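Encoded as structure tokens, the structure appears first; notes follow it.
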Amino acid sequence: MTELLSKPEKKLGILGGMGPAAAAEFLRLLAVRAPARNDAQHPHLLMLSDPDIPDRIAGILGTGPDPLPAMRRDLLRLAEWGADLLAVPCNTAHHFIDRLQADLPVPLVHIVEATVDAARCRSPQGTWLLSTSGTRACGIYPACAERKGYRFQHPSEEQQGRVQRCLCLVKAGETAEAAGLMRGVAEELWREKDMPIVTACTELPLAYAAAGLPAEREVSSLQALCDACLDVLYERGGEGV
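Structure representation (structure tokens):
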């Protein structure tokens, strides 16, 4: 068990529902990775799960309504509830969050920043980047990586189609089928270049785990966000926000 550094005083506000299974896994990770020895040593969490937020991919591609107003409303509500720190376990959502982050009254732990930092630490020479088609189209990950002097390898368009299908299956509760797709894509990528895979959609770590693929060859965006939040909450020397 990691030594407890301090009892967290800050409350973490979590905007979930994008999707619900990913947010539930994020809560599980916060529980198992917190350096706590009893209930009272865990951080206070405020959860708002809003599955009615419009589809983020459709918003990016211009085929659906803008999800930004709903995200703004929900994040401000979490702050009103008493959140001192915010987190959104959805990568694609951060394309929109970047447009409102300066308007938020409390800091937000950025999942893309946290994941790029985790990828640089795990594999300085580079990693494969698996994400939603919307995240791929908006380029939020390569832009962040370039600022930090890092580079990703990207799957082919055909492989990207299977990745997108994989995350949709997780959202639909078809995890076993999603696992098969994930295993196929991962093994193809590793034959091409042997480097870790960044699961840069919060459904993809669920498919990766269900596929039984080696944990040491994954950089999970869910775990990266979890650890970055815990760094702030427990004041344990992370890069902060």
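Every position in the sequence shown, counted from 1, becomes a number in the working numbering once 5 is added.
We put the CB at the ideal spot given by N, CA and C, even for glycine.
From a predicted model like this one, the values you see are computed outputs, not experimental measurements.
| Check | Outcome |
| --- | --- |
| Residue 36 to residue 50, Cα distance in whole Å? | 10 Å |
| So, is residue 130 buried or exposed, given that buried needs 16 or more other C-beta atoms within 10 angstroms? | exposed |
| CA-CA distance, residue 222 and residue 123? | 12 Å |
| Is DSSP giving residue 20 helix, strand or coil here? | strand |
| What are the start and end residues of the alpha helix (DSSP H) that includes residue 215? | 209-215 |
| Classify residue 76 as helix, strand or coil using the three-state DSSP reduction. | helix |
| If you drop the 5 nearest sequence neighbours on each side, which residues of the same chain put their C-beta closer than 6 Å to that of residue 212? | 171, 175, 183, 184, 187 |
| Please go through the segment 42-113 and give each complete beta strand (DSSP E) segment of 3 or more residues, from N-terminal end onward. | 49-54, 90-92 |
| So which of 67, 238, 149, 240 has the shortest CA-CA distance to residue 96? | 149 |
| Less than 8 Å between the C-beta atoms of residue 79 and residue 55, yes or no? | yes |
| Who are the Cβ neighbours of residue 159 in its own chain at under 7 Å, not counting the five residues just before and after it? | 134 |
| Give the secondary structure of residue 180 by DSSP, where H, G and I count as helix, E and B as strand, and everything else as coil. | helix |
| Sort out for me which residues DSSP pairs residue 135 with in a bridge. | 204 |
| Would you please verify whether the beta carbon of residue 108 is less than 8 Å from any beta carbon of chain D? | The structure shown contains no chain D, having only a single protein chain. |
| Going by the C-beta, is residue 131 closer than 7 Å to any heavy atom of the ligand SAM? | Here there are no bound small molecules, and the ligand SAM is not part of this structure. |
| Is the distance from the Cβ of residue 190 to the Cβ of residue 224 below 8 Å? | no |
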